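Here is the structure we will look at, set down as structure tokens.
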Amino acid sequence: MLSEKSTSALELGKTITIVIPTLQEEQGIAKVLEELHYLNLRNILVVDGYSSDRTADIAREAGATVVYQHGRGKTGAIKTAIDKVDTPYILVMDGDFTYDASCIERFLQHMASHDEVVGARVGSKNSMTRLHKFGNKMITKIFNILMNTNLSDVCSGMYVLRTSSARELNLETTGFDVEAEIAAQIASSGSITEVPVTYRPRLGRQKLSTWRHGFKIVRSILRLARLYNPGAFYSMLGSLAIIPASLMLFSSLIEWILSGSTSSERFFVGISMLLVAMQVMSVGALSLIFRRTELRIARRFLKLTHEI
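Rendered as structure tokens:
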């Protein structure tokens, strides 16, 4: 349960708005709101994607503020919420009863020091399939490598955003990759951390397709890395190109040692690929230097702004 001090801060200062994006969640939304009300959390905004069931009606009857989203997918719901919220912080959570509201206390302890606090899901054996767990782990590893982060669940649907930072986001995705896009943009210019949250089996129909949405999220992460961490992206591309180039040159060397001659075509292709790889890695290194310089300047500017 939320501490008395945290509850008072939420009620009197209106520090945080609970944002719940919904689409066909009539089986879970009532229990989500009931759990939040039990914790004395009342500043709740349900952003509905024009559900054809009773999701919006149930939310209104439970006392939540309900608005209909503009734009497509979950990204449209998040954008709508950012436009509507007037509190310093936003806590996003799904409306399918998978996330335990009692874990909100953990976010409150860290949100003042970070632009985003991600809720890393910890659940029972039944809360997520093995394939889903494996896919989520691989997606997060790829994200960490390309974005220089150390997260354990980049796809989590429960997280806190500093509203001022959220309004600077340029969200272009439309589906379940919005969480990765938010984390990528925050990690590139702000501070991001995570806390563990309890994850339960969802109520209602499963919307996420492990394979289809998983591949889409990976493609999105590669695009985000190119935009927000080009140093790591181009360094990775260069490293991948070095492997076939090295194999071609090595085979040419072995052939020359054994027979005294080698395929000129394979040798020159290997050399060309090696030169291209080195150039790409150089672009990556320069991009990394420029990016770090940009971040230092931005941080100094923010520090001076706060001092003034």
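Remember, our numbering sits 140 above the position in the sequence shown when you count from 1.
Glycine residues also receive a C-beta, built at the ideal position from the N, C-alpha and C atoms.
Since this is a predicted model, take the numbers as computed values, not measurements.
Segment limits, alpha helix (DSSP H) that includes residue i
i, result
"residue 215", "213 to 224"
"residue 270", "270 to 287"
Supposed close pair residue i, residue j - CB separation, criterion 8 Å
i, j, result
"residue 339", "residue 268", "7 Å"
"residue 215", "residue 313", "5 Å"
"residue 164", "residue 343", "Between residue 343 and residue 164 the Cβ distance is about 11 Å, and since that is not below 8 Å, they are no contact."
"residue 332", "residue 210", "Contact flag wrong, Cβ pair sits at about 27 Å."
"residue 199", "residue 206", "5 Å"
"residue 159", "residue 221", "4 Å"
"residue 414", "residue 361", "Not really, about 27 Å apart at Cβ, beyond 8 Å."
"residue 326", "residue 256", "4 Å"
"residue 392", "residue 406", "6 Å"
"residue 260", "residue 341", "Not a contact, Cβ separation roughly 18 Å."
"residue 258", "residue 323", "7 Å"
"residue 213", "residue 169", "That belief does not hold up - the Cβ atoms of residue 213 and residue 169 are roughly 18 Å apart, past 8 Å."
"residue 251", "residue 297", "Between residue 297 and residue 251 the Cβ distance is about 17 Å, and since that is not below 8 Å, they are no contact."
"residue 122", "residue 196", "Since the displayed the chain opens at 141 and closes at 448, residue 122 lies outside it and no answer follows."
"residue 358", "residue 218", "Between residue 218 and residue 358 the Cβ distance is about 21 Å, and since that is not below 8 Å, they are no contact."
Boundaries (first-last residue) of the beta strand (DSSP E) holding residue i
i, result
"residue 333", "332 to 339"
"residue 301", "299 to 302"
"residue 319", "No beta strand (DSSP E) contains residue 319, which is instead part of the alpha helix (DSSP H) from 318 to 329."
"residue 261", "256 to 263"
Simplified DSSP state of residue i, which is helix, strand or coil
i, result
"residue 395", "helix"
"residue 294", "coil"
"residue 149", "Residue placement at residue 149 cannot be trusted, given a pLDDT of 38 that sits under 50; the coordinates are not used to answer."
"residue 383", "helix"
"residue 446", "At residue 446, the pLDDT of 48 sits below 50, so the modelled position is not reliable and the matter cannot be decided from this model."
"residue 305", "helix"
"residue 159", "strand"
"residue 405", "helix"
"residue 154", "coil"
"residue 345", "coil"
"residue 315", "coil"
"residue 400", "coil"
CB contact check: residue i to chain E, cutoff 7 Å
i, result
"residue 273", "As a matter of chain content, chain E is missing from the structure shown, which is built from one protein chain."
Exercise for the section: Could I get the ranges of all uninterrupted alpha helix (DSSP H) runs contained in the segment 163 to 250, with 4 residues as the minimum, in chain order? Expected result: You should have 169 to 178, 195 to 201, 213 to 224 and 244 to 248.
Practice task
Taking 8 Å as the threshold, find out whether the segment 219 to 229 comes into contact with the segment 297 to 317 through three or more Cβ pairs.
Solution key: A contact exists between the segment 219 to 229 and the segment 297 to 317.
Problem - Meets three-Cβ-pair contact criterion under 8 Å: the segment 268 to 287 and the segment 170 to 189 - result: no
Practice task
Check whether the segment 309 to 323 touches the segment 237 to 245, taking contact to mean three or more Cβ pairs, one atom from each stretch, closer than 8 Å.
Solution key: no
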